[in-house]
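Reading through the structure tokens given below for one structure.
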Amino acid sequence: MILLRMFWALFLAGMVAYTFNRSWRWEHGEPMQETLFSSDKPRTKETIVWLDPSFLPVLLLFILVMLGSIHGSDGVDRFLSLSLDVMILISIYFILLIFLLPVFRKYFSARACATMWVLPVFMFWQVHLLIQNTPAPSFVIYIPSHILGLLYFIWIIGFVIVYAGKFISHFLFRYRVMSASIPVRDPDILELFQQELKRLEYYRPVKLVQSAAVTVPLSMGTMKRTRVTVLPNREFTKQELQFIFRHEIHHIQRGDVSNKMFFAFCQALCWFNPLIWVAIQKASDDLELSCDEIVLEDMDDEKRRQYADLLLNTAGSSRGFTTCLSAAAETMRYRLKNVVTVRKRWPGTVLLSIAMFLCVMSHGVIAVSNDRGTVAELITEYRTVEDIRSVYYQPEGETLLSEVYGWDGVELFSYLASLEVEKLSSGNEIQNISNHRVAIVFDRNGTIELTMDERLIEVYHYHHGGKKEFYYLRSKVDWDVIEGYLDFDAERPVDPTLLWPEMKVHFDVPGLDEPIFAVRNNLRVWEIETGETLRASGNSDSAGGVSGVNPTQAQLVFDMPVSEITVWMREWDSTVQTSITLTLGVENGCYFIPLDGNSANYEVEVLYEPLDGIRYEATYAFYVEYPE
Numbered sequence: 258m259i260l261l262r263m264f265w266a267l268f269l270a271g272m273v274a275y276t277f278n279r280s281w282r283w284e285h286g287e288p289m290q291e292t293l294f295s296s297d298k299p300r301t302k303e304t305i306v307w308l309d310p311s312f313l314p315v316l317l318l319f320i321l322v323m324l325g326s327i328h329g330s331d332g333v334d335r336f337l338s339l340s341l342d343v344m345i346l347i348s349i350y351f352i353l354l355i356f357l358l359p360v361f362r363k364y365f366s367a368r369a370c371a372t373m374w375v376l377p378v379f380m381f382w383q384v385h386l387l388i389q390n391t392p393a394p395s396f397v398i399y400i401p402s403h404i405l406g407l408l409y410f411i412w413i414i415g416f417v418i419v420y421a422g423k424f425i426s427h428f429l430f431r432y433r434v435m436s437a438s439i440p441v442r443d444p445d446i447l448e449l450f451q452q453e454l455k456r457l458e459y460y461r462p463v464k465l466v467q468s469a470a471v472t473v474p475l476s477m478g479t480m481k482r483t484r485v486t487v488l489p490n491r492e493f494t495k496q497e498l499q500f501i502f503r504h505e506i507h508h509i510q511r512g513d514v515s516n517k518m519f520f521a522f523c524q525a526l527c528w529f530n531p532l533i534w535v536a537i538q539k540a541s542d543d544l545e546l547s548c549d550e551i552v553l554e555d556m557d558d559e560k561r562r563q564y565a566d567l568l569l570n571t572a573g574s575s576r577g578f579t580t581c582l583s584a585a586a587e588t589m590r591y592r593l594k595n596v597v598t599v600r601k602r603w604p605g606t607v608l609l610s611i612a613m614f615l616c617v618m619s620h621g622v623i624a625v626s627n628d629r630g631t632v633a634e635l636i637t638e639y640r641t642v643e644d645i646r647s648v649y650y651q652p653e654g655e656t657l658l659s660e661v662y663g664w665d666g667v668e669l670f671s672y673l674a675s676l677e678v679e680k681l682s683s684g685n686e687i688q689n690i691s692n693h694r695v696a697i698v699f700d701r702n703g704t705i706e707l708t709m710d711e712r713l714i715e716v717y718h719y720h721h722g723g724k725k726e727f728y729y730l731r732s733k734v735d736w737d738v739i740e741g742y743l744d745f746d747a748e749r750p751v752d753p754t755l756l757w758p759e760m761k762v763h764f765d766v767p768g769l770d771e772p773i774f775a776v777r778n779n780l781r782v783w784e785i786e787t788g789e790t791l792r793a794s795g796n797s798d799s800a801g802g803v804s805g806v807n808p809t810q811a812q813l814v815f816d817m818p819v820s821e822i823t824v825w826m827r828e829w830d831s832t833v834q835t836s837i838t839l840t841l842g843v844e845n846g847c848y849f850i851p852l853d854g855n856s857a858n859y860e861v862e863v864l865y866e867p868l869d870g871i872r873y874e875a876t877y878a879f880y881v882e883y884p885e
């Protein structure tokens with residue numbers, strides 16, 4: 258797991274470094290390379306770093322739909338937990354960036370500083386978001402369940418109000434600007450605008466208008482019909498217009514309007530945190546500083562003074578999802594200082610790649626828990642030492658769990674039950690890199706498997722669709738104590754009455770590896786000669802199965818030789834029951850059930866081969882629920 262995570266972190270870091278370096282070279286005059294799809298038509302030079310920043314909200318919406326379709330109402334809970342994880346990481350990242358920004362601005366290019374603010378876009382474009390997989394946390398924030406539910410509600414309401422408010426404000430502002438606008442018809446201005454577009458190799462349509470509703474030059478829109486540069490109703494010199502056009506076209510090339518939309522999303526997501534509002538303002542400032550940087554490149558002192566005068570004469574702030582030449586008074590001083598002062602700075606490619614790597618590797622370090630207590634209170638409340646069916650142990654340095662056939666159940670159960678844990682509220686599959694583990698299977702009140710390592714307890718519910726719960730260990734595990742309760746020299750029991758033969762079911766799903774479900778119901782053991790029943794389990798309606806996927810066949814695997822087997826399929830409404838013809842697999846004890854795409858419940862009646870004069874008879878059950 259750690260190797261996969263490091264690989265992915267290096268991949269994302271490399272992609273950010275590559276695309277940033279490419280956009281840097283393009284903006285500094287390097288021509289675009291020809292591709293297999295090149296044509297005679299001029300190619301537009303866009304300098305967006307890898308992905309459009311506004312993609313993150315779309316990605317999260319896709320994950321919501323995916324989780325909802327697969328997990329139903331439980332998928333919504335997972336999505337809320339995932340959104341909480343995203344909010345926490347963005348908050349921490351932006352706050353750290355606020356304090357590190359003065360150092361970054363001093364030594365690295367403004368373009369690198371501006372790109373630092375959009376790294377969360379790439380941070381969450383990761384495999385773990387799709388497979389819901391993160392490492393065990395290092396820090397846990399405890400919020401009681403009833404309070405967490407209330408906070409979720411307040412948080413969502415605040416998010417909707419802030420996010421919707423920003424879009425409404427933008428559209429009202431755009432309507433007011435465009436209603437008061439007229440197309441620029443001066444041929445000299447149009448020619449100069451086209452010259453700058455051609456100079457920067459941007460060939461997509463951009464409208465040029467004048468509007469009495471603005472006091473500063475600005476650009477807005479992300480699509481062909483909405484992309485526009487707006488000039489205020491005042492006279493500009495040719496040099497000033499050249500500065501304005503060059504500045505705004507660079508904004509358009511870089512997709513800075515999309516950056517503004519992404520900042521609005523982050524602001525809405527963390528609306529309750531005043532530091533995030535400060536961070537978003539600084540992020541917007543860095544967008545302007547980065548355009549100043551490229552516009553003023555290789556300019557002499559005289560032109561720099563002219564550019565500074567232009568900033569002063571057009572001082573103001575933009576509204577909505579727009580980019581503008583000038584700035585508000587609170588940031589003007591810093592911009593003017595950078596305009597008149599020539600300072601050599603590093604591009605920042607290495608800085609971005611390191612930051613990307615660290616962000617990916619640190620994701621999941623902080624988690625939220627919604628309950629705390631002992632293992633006895635939260636996990637094994639309705640189970641006793643007699644319910645322990647099997648124990649597995651993985652010593653440090655080993656790679657696999659091995660079954661242990663002898664244990665002091667009373668002491669082991671007592672120690673385990675006393676450990677303090679916190680139930681994690683996470684939408685992710687959590688895995689630890691620890692290779693020191695113990696696993697205990699309980700066979701009462703629904704079969705569960707409790708796997709514990711250095712920091713985490715995973716509880717797997719066999720009879721609830723393979724549901725998993727994760728608990729963070731608040732106290733350190735004493736592995737010496739656990740090993741003292743285990744008898745590693747004990748051999749597998751030979752008494753056949755102690756056996757509980759298993760049937761394992763796994764499903765062939767195109768493009769998906771489903772977990773294996775072990776289901777055990779209605780077992781009867783009797784002596785062949787006397788017919789005396791030695792053991793019989795109670796009836797159980799619980800069964801493992803799959804839902805929300807499209808399996809093509811089910812594979813049945815038995816750990817004892819089978820003499821007779823019958824499979825019954827009961828339709829989803831339980832009205833029709835039919836017998837199923839099985840296909841014997843290549844390996845002994847392996848059978849295949851064809852699945853026809855209809856949701857159904859299955860019962861498997863098995864008579865095993867006699868063992869030492871003892872016969873086992875079992876009825877197993879599982880279900881398959883296809884998506885509607």
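Every number in the numbering used here is 257 more than the matching position in the sequence shown, counting from 1. All C-beta atoms, glycine included, are put in the ideal place defined by N, C-alpha and C.
Inset, instruction - Confirm, please, whether the CB-CB distance from leucine 609 to phenylalanine 969 is below 8 Å. - result: In this structure the chain extends from 258 to 885, so residue 969 is not present and cannot be described.
Legend entry - Short Cβ contact (8 Å threshold) for tyrosine 420 with alanine 521: yes
Inset, instruction - Helix, strand or coil for methionine 480, going by three-state DSSP, please let me know. - result: coil
Inset, instruction - Could you check if glutamate 740 is buried or exposed, using at least 16 other CB atoms within 10 Å of its CB as the buried criterion? - result: exposed
Legend entry - Proximity of arginine 592 and phenylalanine 365 at Cβ, strictly below 8 Å: no
Legend entry - Sheet register partners of glycine 768 (DSSP bridge): The partner list for glycine 768 (beta bridge, DSSP) is empty, contrary to what the question assumes.
Legend entry - Best match in Val343, Leu868, Phe727 and Leu357 for proximity to isoleucine 785 [C-alpha to C-alpha]: Leu868
Inset, instruction - Tell me whether histidine 620 is buried or exposed, calling it buried when 16 or more other Cβ atoms sit within 10 Å of its Cβ. - result: buried
Legend entry - Top-ranked residue by Cα proximity to alanine 633, from Val607, Ser675, Ser682 and Leu615: Ser675
Inset, instruction - Specify, as a first and last residue, the run of the alpha helix (DSSP H) that phenylalanine 428 falls within. - result: 402 to 436
Legend entry - Straight-line Cα distance separating cysteine 548 from histidine 285: 12 Å
Legend entry - Anticipated Cβ contact below 8 Å, isoleucine 506 with leucine 457, distance rounded: 5 Å
Inset, instruction - Evaluate lysine 680 with the Cβ neighbour count: other Cβ atoms within 10 Å of its Cβ, from every protein chain shown; 16 or more gives buried, anything less gives exposed. - result: buried
Inset, instruction - Scan the segment 572 to 636 and note each continuous alpha helix (DSSP H) run of 4 residues or more that stays entirely inside, going in chain order. - result: 586 to 597, 606 to 619 and 632 to 635
Legend entry - Cβ distance (whole Å) where alanine 878 is taken to contact leucine 852 below 8 Å: Not really, about 16 Å apart at Cβ, beyond 8 Å.
Legend entry - Residue nearest to tryptophan 281 in terms of C-alpha spacing, selected from Leu318, Leu337, Ala367 and Ile355: Ala367
Inset, instruction - Between the Cα of leucine 308 and those of Val375, Lys455 and Arg561, spot the shortest distance and give me the residue it belongs to. - result: Val375
Inset, instruction - Would you kindly work out how many angstroms separate the C-alpha atoms of aspartate 700 and asparagine 627, rounded to a whole number? - result: 27 Å
Inset, instruction - Taking proline 767 as the reference, give the member of Leu791, Val806, Arg749 and Phe774 with the closest Cα. - result: Val806
Legend entry - 7 Å Cβ shell around phenylalanine 450 - same chain, five flanking residues per side excluded: Leu465 and Phe502
Inset, instruction - Name the residue from Val333, Met272 and Phe356 whose alpha carbon lies nearest to the alpha carbon of glycine 406. - result: Val333
Legend entry - Cβ pair isoleucine 305, glycine 478 closer than 8 Å: no
Legend entry - Selection from Glu759, Val678 and Leu269 that minimises the alpha carbon distance to phenylalanine 774: Glu759
Legend entry - Residues sharing a beta bridge with histidine 504, DSSP: Answer is none; histidine 504 lacks a bridge partner.
Legend entry - Where methionine 709 falls, given that 16 or more other Cβ within 10 Å makes a residue buried: buried
Legend entry - Separation of phenylalanine 319 from proline 392, as counted between CA atoms: 23 Å
Legend entry - CB contact flag (tryptophan 283, lysine 298, <8 Å): no
Inset, instruction - Grab me the residues of glycine 666's own chain with a C-beta within less than 7 Å of its C-beta, minus the 5 sequence neighbours each way, in chain order. - result: Val642 and Ile645
Inset, instruction - Count the other C-beta atoms from every protein chain shown that fall within 10 angstroms of the C-beta of serine 515, then say buried if there are 16 or more, exposed otherwise. - result: buried
Inset, instruction - Quick one: residues in its chain with C-beta nearer than 8 Å to the C-beta of aspartate 746, no 5 flanking neighbours on either side, listed in chain order? - result: Gly663
Legend entry - Proximity winner among Leu429, Leu267 and Asp543, relative to leucine 354 (alpha-carbon distances): Asp543
Inset, instruction - Out of Arg279, Gln563 and Asp744, state which residue places its alpha-carbon closest to the alpha-carbon of threonine 494. - result: Gln563
Legend entry - Proximity winner among Val824, Ser820, Thr876 and Val485, relative to serine 794 (alpha-carbon distances): Thr876
Inset, instruction - May I have the straight-line CA-CA distance separating tyrosine 880 from valine 803, to the nearest angstrom? - result: 7 Å
Inset, instruction - Buried or exposed for aspartate 737, please, with buried defined as at least 16 other CB atoms from any protein chain shown within 10 angstroms of its CB. - result: exposed
Inset, instruction - Please state whether DSSP places lysine 495 in a helix, a strand or coil. - result: helix
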